[in-house]
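To start, the structure itself, in structure tokens.
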Amino acid sequence: MKLSYFPGCSLDGTAKEYGSSTQAVCQELGLELLEVPDWNCCGASSGHST
Numbered sequence: 296m297k298l299s300y301f302p303g304c305s306l307d308g309t310a311k312e313y314g315s316s317t318q319a320v321c322q323e324l325g326l327e328l329l330e331v332p333d334w335n336c337c338g339a340s341s342g343h344s345t
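Residues in the sequence shown are numbered consecutively from 296, following the numbering used here.
Take a look at the structure:
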């Protein structure tokens with residue numbers, strides 16, 4: 296099964312372990328994560344800094 300995946304910049308910057316575990320679990324379950332093409336920042340990184 297293929298699933299759309301929005302990693303966002305916050306995941307890479309502050310929650311790398313969460314991203315890695317998500318990918319590992321999905322791989323074990325036979326799920327293919329397809330990164331949403333040309334995604335834009337949702338603003339979470341800016342929101343956490345205020």
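Where a beta carbon is used, it is the ideal one built from N, C-alpha and C, also for glycine. Keep in mind the model is a prediction, meaning the values are calculated, not measured.
Problem set entry | Distance CB(LEU326)-CB(SER299) smaller than 7 Å | The residue given as residue 326 occupies position 31 in the sequence shown. The residue given as residue 299 occupies position 4 in the sequence shown. No; because the gap between Cβ atoms is not below 7 Å, this pair is not in contact.
Problem set entry | Beta-ladder partner(s) of TYR313, from DSSP | By 1-based counting over the sequence shown, the position of residue 313 is 18. Bridge partners of TYR313: none, in fact.
Problem set entry | Euclidean distance between Cα positions of ALA319 and SER305 | Stepping through the sequence shown from its first residue, residue 319 is reached at position 24. Stepping through the sequence shown from its first residue, residue 305 is reached at position 10. Going from the Cα of ALA319 to the Cα of SER305 covers about 19 Å.
Problem set entry | Alpha-carbon spacing of SER315 relative to GLU323, whole angstroms | Residue mapping note: residue 315 aligns to position 20 of the sequence shown, counting from 1. Residue mapping note: residue 323 aligns to position 28 of the sequence shown, counting from 1. In this structure, the CA atom of SER315 is about 12 Å from the CA atom of GLU323.
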